[in-house]
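J.: Numbers -1 to 82, taken from our numbering, label the letters of the sequence shown in order.
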Amino acid sequence: MEITVEISYFPLSENHQQQIDEFINALNKNNSIKIEPGMMSSLLTGPYDEVMKLLLREIKPFMVKYPSVFILKMSNSCSACAKV
């Protein structure tokens, strides 16, 4: 099953743009998931298990390292899912 996750990351510190870039770069290390960065959120599209593994692996280190807010929305029925 293909899914799309819309994710917004809001680091609550002074160097927030650097931390956002660091997070996007960490997500981009996985070649089986399509990443579309945007101004306020990014879209991750790929196989359900791969997307969930990536989120589990990458979100926690940022929450441990920085005070953070993450907002996620998931869908298996959006037009972006059909493009993969």
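The beta-carbon is built from N, C-alpha and C at its ideal position, and this holds for glycine as well.
What's the gap between the Cα of M50 and the Cα of V67?
T.: Answer to the nearest angstrom: the Cα atoms are 18 Å apart.
J.: Could you tell me the distance, in whole angstroms, from the CA atom of S40 to the CA atom of P65?
T.: The straight-line gap from Cα to Cα measures roughly 20 Å.
J.: Can you give me the C-alpha to C-alpha distance between M37 and P59, rounded to a whole angstrom?
T.: C-alpha separation (whole angstroms): 23 Å.
J.: DSSP on Y7, reduced to helix/strand/coil?
T.: In the structure shown, Y7 sits in a strand (DSSP, three-state: E or B).
J.: Would you identify the three-state DSSP class for K71, choosing helix, strand or coil?
T.: Here K71 sits in strand by DSSP.
J.: Apart from the five residues on each side of it in sequence, which residues of its chain come closer than 7 Å, Cβ to Cβ, to R55?
T.: Nothing listed; no residue qualifies.
J.: Following the continuous alpha helix (DSSP H) through I33, name the residue where it begins and the one where it ends.
T.: Note, I33: premise wrong, no alpha helix (DSSP H); beta strand (DSSP E) at K32 to P35.
J.: Pull up the distance between the alpha-carbon of D19 and that of T43, whole angstroms please.
T.: Each residue's Cα considered, the two are about 19 Å apart.
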